[in-house]
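Residue 102 is where the sequence shown ends in our numbering, and the numbering goes up by one at each step.
Even glycine gets a Cβ: it sits at the ideal position worked out from N, Cα and C.
Single-structure report; data block below.
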Amino acid sequence: MTSRSGATWVAMLLAVLVLPAACSRGDGGRAKAEAEFTQQLVDGGLDPTVAECVVEKFFDGRTNDELNDFFLRAELTNEERAEFASLTKKCIPAVTG
């Protein structure tokens, strides 16, 4: 695992630990949660465009309740780890051409 990949995983884990469950706070809650999660990935060392892509794809198809459950857990599941790895692999070529 490269140091960049390590930074990505640390950023994702930190995002899970510190991002509040913001998706049910009314209008804009989902957008705010998406923006905060993206910023935490960027703060952890992920390229901003890649972070936006990963978060957008992760949020797509999930309900607010599913996202709230995700943000309430202290750790990623094995399935989420695999999903984030897959999304990152898909997003890097998509934004770097």
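Would you check if there are 3 or more beta carbon pairs closer than 8 Å linking the region 89–101 to the region 52–72?
yes
CB Cys-58 to CB Leu-92, shorter than 9 Å?
Sequence index remark: in the sequence shown, residue 58 carries index 53 (1-based). Sequence index remark: in the sequence shown, residue 92 carries index 87 (1-based). Closer than 9 Å, so yes.
Suppose you measure from the CA of Gly-66 to the CA of Glu-88; what does that come to, to the nearest Å?
Stepping through the sequence shown from its first residue, residue 66 is reached at position 61. Stepping through the sequence shown from its first residue, residue 88 is reached at position 83. Their backbone Cα atoms lie some 13 Å apart in a straight line.
Do Asn-69 and Gly-34 have their C-beta atoms closer together than 9 Å?
Reading the sequence shown from its first residue, position 64 is the one you call residue 69. Reading the sequence shown from its first residue, position 29 is the one you call residue 34. Yes, the Cβ-Cβ distance between Asn-69 and Gly-34 is below 9 Å.
Check Thr-43 in the structure and name its three-state DSSP category.
Along the sequence shown, one-based indexing puts residue 43 at 38. Here Thr-43 sits in helix by DSSP.
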